[in-house]
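Peer 1:
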Amino acid sequence: MSLNQRRASLLSHIAVLGALSIIMSSIKVSFPLGNPNLGSTPVSLSAVLSGGYAGFLVGIIKGLGVSLWTGQAILEIPAGVGDGLMALFTNALSKRIGPFYAVILGQISRYIFTSGMIALVLGSVATLSPTLLGAYTIFSRITSSASYTSPDWVPLLISNIGLVWVAMIPAITASVVANAALSAAVVLGLKKFAPSSLKKA
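In terms of numbering that gives the first Met the number 0, the sequence shown is residues 0 to 200.
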């Protein structure tokens, strides 16, 4: 396969898995903070099928695409970036321990990457301009607290980031369990019926 053909194949994989991640994000359960869905499964799969950078791009596509139809860009874009970082980690793991365990551990890493990015963004916004987060009931306490102009804004920032991260645990746990199970099942199927596809990344 020529270089141009490989590029075309890679771009098609990114486009298909990116679209699939947006579609699968509609299969969700609503939580007070976060909407666990199956959109991270294509991100994990792209990491072991097409490489870490492809997986990162699929994560970005997911974040941008889902934010357009949910109107929750402040939540979905950092989630997409976090999932993209998870894809890079998953790809690195896949080269060491194989794709099956890599997609499982990669999904678990979303406690750090995905929840961490969401907590960093929402916690920062809650500190700088808490009224922007009025739609999230968890921030009812924050909206009446001191802003970043207070001398104590650094402890407030750390507190807000921690608050969001803890609040994300129920939603991210549900998402990790569902996506890890589905990703692992797909990898097992590929190992049986299309093993060569897992050797490309």
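No residue lacks a Cβ here, since even glycine has one placed at the ideal position from N, Cα and C.
DSSP on N3, reduced to helix/strand/coil?
Peer 2: The residue given as residue 3 occupies position 4 in the sequence shown. N3 falls in the helix class under three-state DSSP.
Peer 1: Can at least three beta-carbon pairs, one atom from the segment 46-63 and one from the segment 3-12, be found at a separation below 8 Å?
Peer 2: Verdict: yes, contact present.
Peer 1: Expressed to the nearest angstrom, what Euclidean distance is found between the alpha-carbon atoms of A145 and L162?
Peer 2: Numbered from 1 along the sequence shown, position 146 holds the residue referred to as residue 145. Numbered from 1 along the sequence shown, position 163 holds the residue referred to as residue 162. Residue placement at A145 is flagged as unreliable, the pLDDT there being 45, under the threshold of 50; a coordinate-derived value is accordingly withheld.
Peer 1: With DSSP as the reference, label N36 as helix, strand or coil.
Peer 2: Within the sequence shown, residue 36 is the residue found at index 37, counting from 1. If DSSP states are grouped into helix, strand and coil, N36 belongs with the strands.
Peer 1: Rounded to whole angstroms, what is the Cα-Cα separation between L181 and T40?
Peer 2: Your numbering for residue 181 matches position 182 in the sequence shown. Your numbering for residue 40 matches position 41 in the sequence shown. If I take the Cα positions, the gap works out to 7 Å.
Peer 1: Where does V153 land, buried or exposed, given buried means 16+ other C-beta within 10 angstroms?
Peer 2: The count along the sequence shown starts at 1 and reaches residue 153 at position 154. Label assigned to V153: exposed.
Peer 1: Could you name the residues of the same chain whose beta carbon sits closer than 7 Å to that of S143, not counting the 5 residues immediately before and after it, in chain order?
Peer 2: Taking the sequence shown and counting its residues from 1, the one referred to as residue 143 is at position 144. Residue placement at S143 cannot be trusted, given a pLDDT of 49 that sits under 50; the coordinates are not used to answer.
Peer 1: Excluding the 5 residues flanking G83 on each side, which residues of the same chain have their C-beta closer than 6 Å to its C-beta?
Peer 2: The residue labelled residue 83 in the question sits at position 84 within the sequence shown. Excluding positions up to five away in sequence, the list reads F55, G58 and I59.
Peer 1: Between the segment 67-76 and the segment 85-105, do three or more beta carbon pairs fall short of 8 Å?
Peer 2: Touching, no.
Peer 1: Per DSSP, what are the beta-bridge partners of K260 in this structure?
Peer 2: As displayed, the chain neither begins before 0 nor continues past 200, which places residue 260 out of reach and without an answer.
Peer 1: Throw me the rounded Cβ distance for the L119 and I160 pair, which I believe falls under 8 Å.
Peer 2: Along the sequence shown, read from residue 1 onward, the residue named residue 119 stands at position 120. Along the sequence shown, read from residue 1 onward, the residue named residue 160 stands at position 161. Confirmed, about 6 Å.
Peer 1: Using the beta-carbon count (16 or more within 10 Å), is Q257 buried or exposed?
Peer 2: The question about residue 257 has no answer, for the chain in this structure spans 0 to 200.
Peer 1: In whole angstroms, what separates the C-alpha of I21 from that of G79?
Peer 2: In the sequence shown, residue 21 corresponds to position 22, counting from 1. In the sequence shown, residue 79 corresponds to position 80, counting from 1. Taking the straight line from one Cα to the other gives about 10 Å.
Peer 1: Closest by CA to V165, which one among I111, V176 and G38?
Peer 2: Here residue 165 refers to the residue found at position 166 when the sequence shown is read from its first residue. Nearest of I111, V176 and G38 to V165, Cα basis: I111.
Peer 1: Could you tell me which residues DSSP pairs with K27 in its beta bridges?
Peer 2: Within the sequence shown, residue 27 is the residue found at index 28, counting from 1. K27 is bridged to N36.
Peer 1: Does the beta-carbon distance from L197 to P98 come in below 8 Å?
Peer 2: Within the sequence shown, the letter at position 198 stands for residue 197. Within the sequence shown, the letter at position 99 stands for residue 98. Against a cut-off of 8 Å, the Cβ pair of P98 and L197 comes out as a contact.
Peer 1: Verify whether the separation of the beta carbon atoms of N36 and I26 is less than 8 Å.
Peer 2: Sequence index remark: in the sequence shown, residue 36 carries index 37 (1-based). Sequence index remark: in the sequence shown, residue 26 carries index 27 (1-based). Contact: yes.
Peer 1: Excluding five sequence neighbours on each side, which residues of the same chain lie with their C-beta closer than 8 Å to the C-beta of M23?
Peer 2: Within the sequence shown, residue 23 is the residue found at index 24, counting from 1. Counting only Cβ-Cβ distances below 8 Å, and skipping sequence neighbours, we find N36, L37, G38, T40 and P41.
Peer 1: Which same chain residues, not among the five before or five after K61, have their C-beta less than 7 Å away from its C-beta?
Peer 2: As a working note, residue 61 is residue 62 in the sequence shown. Correct list, in chain order: G17, S20, I21, S24, G38, V42, G79 and D82.
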